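Engineer: Take this structure first; my questions come after.
2 protein chains.
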Amino acid sequence: MIKKVLVAEDHEIVNISVQKTLEDLAVQDISYAYYCDDALYKITQAFNAGNSYDLLITDLHFEADGHKQTLSGGIELITAARKVQPDLRILIFSLENRTAVIDNLYKNYHIDGFVAKARNDARALKEAINEIGQYRNYYPHHYRQSTNKKNAYSFSEYDINIITLLAQGMLIKDIPKYLQQKGIKPSGLSTIEKRLNQMKEALGFTKNEQLVAYCKDTGAM
Amino acid sequence: MIKKVLVAEDHEIVNISVQKTLEDLAVQDISYAYYCDDALYKITQAFNAGNSYDLLITDLHFEADGHKQTLSGGIELITAARKVQPDLRILIFSLENRTAVIDNLYKNYHIDGFVAKARNDARALKEAINEIGQYRNYYPHHYRQSTNKKNAYSFSEYDINIITLLAQGMLIKDIPKYLQQKGIKPSGLSTIEKRLNQMKEALGFTKNEQLVAYCKDTGAM
DNA sequence: TATCAAAATACGGTTTCCCGTAAAAACACA
DNA sequence: TGTGTTTTTACGGGAAACCGTATTTTGATA
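And the structure:
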């Protein structure tokens with residue numbers, strides 16, 4: 001059962017509704033943080049006082065507004081929070097709807113649930129909190145369906161490096177030099193060309209511009 | 001004074017808060033639409049009954065969910081709504097924060113206000129409704145400041161066409177043929193090359209990949 | 001260490017792109 | 001209609017990208 005919840009969310013409008021939703025679920029102890037740093041502070045304080053949170057509901061993206069923050073967003077927040085309190089359950093409430101990104105959250109950050117800000121998000125939020133309250137993971141509907149479908153080409157960090165350089169205007173022939181300076185290992189021109197070919201092949205593309213567009217669209221870059 | 005409002009917004013969570021915000025402003029007559037088509041229907045009905053809305057608050061982007069819609073989003077909705085009721089005041093409430101896009105809304109669609117879903121959006125919403133209630137336009141803070149700063153290169157429809165073709169993998173040398181078939185006017189290869197050069201020149205780029213990345217980032221494409 | 005397989009690199013020919021100049025067409029205006 | 005200007009197009013040389021093949025390097029294994 002979820003009794004004590006911290007909501008980290010910078011949008012006032014969203015906070016108002018999350019509060020109402022939590023009240024509907026009879027959650028008694030609700031705290032709010034409009035900044036990641038503040039959220040981490042509250043988690044730490046509560047934990048040290050022996051009165052830790054059951055659940056953290058957080059957005060992924062927080063707008064910068066002049067207040068200097070050490071934590072840049074939801075991902076850093078949950079990483080830091082888990083260091084303080086490893087058993088803290090985490091529910092992401094975000095606009096993100098790209099499977100690759102959500103996948104990453106479950107696999108590498110072990111979140112307990114993800115709810116997309118979308119049409120029936122208030123209802124989904126309630127379902128998620130109920131599931132998590134019983135120590136079960138909650139997966140969004142569209143994710144459950146799409147996860148075993150065609151899983152798009154998964155770019156390596158190396159791949160993204162190359163495409164990013166292209167998107168920044170570097171000539172392909174100049175990339176080997178750059179990679180060598182950075183100490184990135186396969187730096188031969190042929191290897192780079194081959195990698196680009198593999199990616200294009202895998203995605204049915206013919207031009208590097210398509211790779212750039214695709215990475216921008218899927219959030220890989 | 002705003003008395004009768006229609007809220008078109010597909011996110012349940014947002015709707016809950018907008019309702020609360022409007023109640024705070026003592027707006028008496030509030031209607032909701034989760035779909036654009038439904039919103040237009042309500043506007044038409046109210047107008048024909050001689051009991052038209054004072055204000056439409058709408059999102060820009062609506063999620064598709066199986067229900068077939070003739071209106072694809074906020075922009076189509078406001079265009080259609082103005083045909084029914086030209087004096088309808090319109091407030092956009094959206095996550096959009098790209099100056100070019102917001103600019104377009106004021107200049108070409110003559111919206112009365114824009115509030116970004118952001119940190120203090122509930123407060124901004126109240127300010128906007130008060131301003132619009134007095135028949136004044138409301139401009140978001142960050143927009144007021146950035147509007148006279150460096151206004152990025154503004155792409156023509158023709159420009160976007162070319163960049164889109166590149167992003168789809170078409171070879172530059174094949175573009176003339178394509179444009180001719182489509183009846184798009186300057187179709188010479190040299191002209192296309194020159195246009196690309198102008199765009200890159202204006203933005204300080206050297207490669208077409210940068211143009212693709214830029215358009216994706218700014219939402220021009 | 002010797003051997004084999006896989007990965008990385010070197011190289012060369014072809015295609016596409018880039019970019020400048022010049023000719024042609026479209027347009028504005030008297 | 002004639003003139004001047006701008007836009008569009010044609011053309012060509014050089015640079016970069018593309019792509020296949022051959023060679024070298026790396027890494028694992030016996």
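Going line by line, the protein sequences match chains A and B.
Going by the UniProt record's numbering, the first sequence opens with residue 1, and the numbers climb by one from there.
Going by the UniProt record's numbering, the second sequence opens with residue 1, and the numbers climb by one from there.
Beta carbons: idealized from backbone N, C-alpha and C, even for Gly.
Keep in mind the model is a prediction, meaning the values are calculated, not measured.
(1) Rounded to whole angstroms, what is the Cα-Cα separation between A/H110 and A/L165?
(2) I want to verify the contact list: residues of chain B whose CB lies under 8 Å from the CB of A/V212, in sequence order.
(3) Residue ranges of each alpha helix (DSSP H) run of no fewer than 4 residues wholly in the UniProt domain "Response regulatory" (4-132) of chain B, ordered along the chain?
(4) In chain B, which residues lie with their C-beta within 7 Å of the C-beta of A/N120?
(5) Of the residues B/K20, B/V5, B/I16, B/K83, which one's Cα is nearest the Cα of B/I30?
(6) Near B/S187, which residues of its chain fall below 7 Å by C-beta distance, leaving aside the five closest residues on each side in sequence?
(7) Output the distance between the C-alpha atoms of B/N161 and A/L196, rounded to the nearest integer angstrom.
(8) Please go through the same chain and pick out, in chain order, the residues whose beta-carbon is closer than 6 Å to the beta-carbon of residue 231 of chain A, but skip the five residues on each side of it.
(9) With DSSP as the reference, identify every bridge partner of A/Y138, one or two as the case may be.
(10) Residues of chain A with CB closer than 9 Å to the CB of B/R123, please, in chain order.
(11) Can you tell me whether A/D217 is buried or exposed? The criterion is at least 16 other CB atoms within 10 Å of its CB, across all chains shown.
(12) Return the residues of the segment 196-207 of chain A that lie within a Cβ-Cβ distance of less than 8 Å from chain B, sorted by chain order.
(13) Please list the partners that B/K20 has in chain A, where partner means a Cβ-to-Cβ separation under 7 Å.
(14) Roughly how many angstroms separate the alpha carbons of B/F93 and B/K117, rounded to a whole number?
(15) Excluding the five sequence neighbours on either side, which residues of its own chain have a C-beta within less than 6 Å of the C-beta of B/Y143, listed in chain order?
(16) Is the shortest distance between the beta-carbon of B/M170 and the beta-carbons of chain A less than 9 Å?
(17) State the DSSP-derived secondary structure class of B/A220, mapped to helix, strand or coil.
(18) Is the beta carbon of B/L56 less than 9 Å from the beta carbon of B/I75?
(19) Could you have a look at B/E201 and say whether DSSP puts it in helix, strand or coil?
(20) Just reading off the alpha helix (DSSP H) that A/Q181 is part of, what are its end residues?
(21) Does the ligand HEM have even one heavy atom less than 8 Å from the beta-carbon of A/A128?
(22) Output, in chain order, the set of chain A residues within a Cβ distance shorter than 9 Å of B/E193.
(23) List, in chain order, every chain B residue whose beta-carbon is nearer than 8 Å to that of A/D65.
(24) Go ahead and label A/G113 buried or exposed: buried means 16 or more other beta carbons lie within 10 angstroms of its beta carbon, across all protein chains shown.
Structural biologist: Straight from the coordinates:
(1) 31 Å
(2) A167, E209, V212, A213, K216
(3) 12-24, 36-48, 74-84, 99-109
(4) E12
(5) B/V5
(6) P176, L179, Q180
(7) 25 Å
(8) Only positions 1 to 221 of chain A appear in this structure, which leaves residue 231 of chain A out of reach.
(9) A/G113
(10) E12
(11) exposed
(12) F205, T206, K207
(13) I16
(14) 7 Å
(15) I102
(16) yes
(17) coil
(18) no
(19) helix
(20) 175-182
(21) Here there are no bound small molecules, and the ligand HEM is not part of this structure.
(22) Within chain A, no residue comes near B/E193; the closest Cβ sits about 15 Å away, beyond 9 Å.
(23) R119
(24) buried
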